[in-house]
Structure formats: C-alpha cells, structure tokens
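Counting from 1, position 57 in the sequence shown corresponds to residue 56 in numbering that gives the first Met the number 0; the numbering is continuous, with no gaps.
For each residue, glycine too, the CB sits at the ideal point set by N, CA and C.
Have a look at the structure below, then the notes.
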Amino acid sequence: MLEKRHQFCILSNHWDTLSFCRRRDGEMKVLLLSVVLGLLYAGLGEAQLLLVPFSGAWKTHYLAASNKEIISEGGPFHIYIRHIQFHPNDTADVDFYVKSDGECIKKRVTGVRREGLTYDIEYAGQNELKILHFSLKAIVGYIHNVAEDGKETDLVGIIGKNEEISDRDYEKFKKETTDRGIPEENIVNFTDNDDCPEE
Numbered sequence: 000m001l002e003k004r005h006q007f008c009i010l011s012n013h014w015d016t017l018s019f020c021r022r023r024d025g026e027m028k029v030l031l032l033s034v035v036l037g038l039l040y041a042g043l044g045e046a047q048l049l050l051v052p053f054s055g056a057w058k059t060h061y062l063a064a065s066n067k068e069i070i071s072e073g074g075p076f077h078i079y080i081r082h083i084q085f086h087p088n089d090t091a092d093v094d095f096y097v098k099s100d101g102e103c104i105k106k107r108v109t110g111v112r113r114e115g116l117t118y119d120i121e122y123a124g125q126n127e128l129k130i131l132h133f134s135l136k137a138i139v140g141y142i143h144n145v146a147e148d149g150k151e152t153d154l155v156g157i158i159g160k161n162e163e164i165s166d167r168d169y170e171k172f173k174k175e176t177t178d179r180g181i182p183e184e185n186i187v188n189f190t191d192n193d194d195c196p197e198e
C-alpha cells in the first residue's frame, strides 16, 4: 500500500487524454501527459499537428551512414541543420547548410508526410525519412536514400536543440545505428567542425 504522502492514481487511460494525479502532503497535483506516440505511429491526422510545437532551431550532432562518403565533407548529406518547421498541412521544411570546398551553402528541402512519422523528401535522389525517437531536446531519425544512380544508403542522425545532447538520447542514436548494421567508424560528429552561420 502506498503511503498517504505519495499516492498515485490514473485519471484516464485513453491514448490521447492520458492523465495522472499525485497526492503529496494532502495536496493533489495533476499532471496532464499528452501521450502522442500512439497517435503518431497510428498515422492519424493529428500527428502533424502534434509536431508543430517542435518547430524551431535545431542543430546536427551526429550522422551515421552505411556509405560514409555521403556524410563526409563534400558529400550531399554532410549537412548542418539549422531550422525545422512542421506545418499543419502535413509538410515540413528543413533549412540547412552543406559545405562545398569549405564554403557553406544554404539549402531548404520540404518533406511530405506519408503516414505517422514518415516523410518523403526529394534531395540527392529519393528519401524516406522516419522519426524514430524525440524528446524536447533531441530527435533521432532514419533515412533510406536512393540516389539518382540507384545506389541505396541507410542513414541515422540525431539533432538537438542545444549545443549538447543527453547521454540517454545519444544511446538511442547509437542503438539505431547498431540495429541497422552501420559500423561505429561510420559515425560522424558534426559539432566539432560546425562553422556555418547560425541562421
């Protein structure tokens, strides 16, 4: 039996209204938790609306690829993300820089949501992007790229809101690279050489 000072109860267990209450020293604190993953992975229309608050400034921290060449400097996926805007119309704009001969070139791509957290993006060929994990401070994503010459590459990346990411988020990124057979030596740290403009 729980002590009277620390009592927990579930007010609702419906996916989109999951709520908990906590009693402590006679004072009830209600914690409303928006459990979005059930909606997001179910591919419901509300998924994109729930992502809109995650719009804003983001920065590339690490990328890993089955073909390391495309994430090395001069490769199309050696990218420094700066901003992501999730729109209510099931699209998302990504602003980023790529380096060519040491020069930072600004680019923008638009992803179209197919279902759940999966987007189709045209850039350096055709891409299927899936958001695998997200928190208030980090997003881990997977990209399957089919280049114009038909060559296929698997990529996993982690972007963050701040200059540093938590160990927990990084471990999620590492697990996704391992699960997809990407060797550790194919992980590139983008924070060490990010000298492109902030915007």
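Neighbour-count burial assignment, Asp-24, 16 or more Cβ in a 10 Å radius | The predicted model places Asp-24 with a pLDDT of 39, which falls under 50 and marks its position as unreliable, so this point remains unresolved.
Where the beta strand (DSSP E) containing Lys-106 begins and where it ends | 102 to 114
Arg-22 to Val-145, Cα distance in whole Å?
-> Its pLDDT being 39, under 50, Arg-22 is placed unreliably in this model, and the value from its coordinates should be taken loosely. Approximately 53 Å, taken between the alpha carbons.
Secondary structure of Tyr-169, DSSP reduced to three states | helix
Through-space distance from Ile-142 to Leu-116, alpha-carbon basis | 12 Å
With 16 other CB atoms within 10 Å as the buried threshold, where does Thr-176 fall?
-> buried
For Leu-154 versus Ala-63, is the C-beta spacing smaller than 9 Å?
-> yes
Over what stretch of residues does the beta strand (DSSP E) that includes Ile-158 continue unbroken?
-> 151 to 159
Between Lys-98, Glu-121, Glu-114, Ser-165, which lies nearest to Asp-92 when the distance is taken from Cα to Cα?
-> Glu-121
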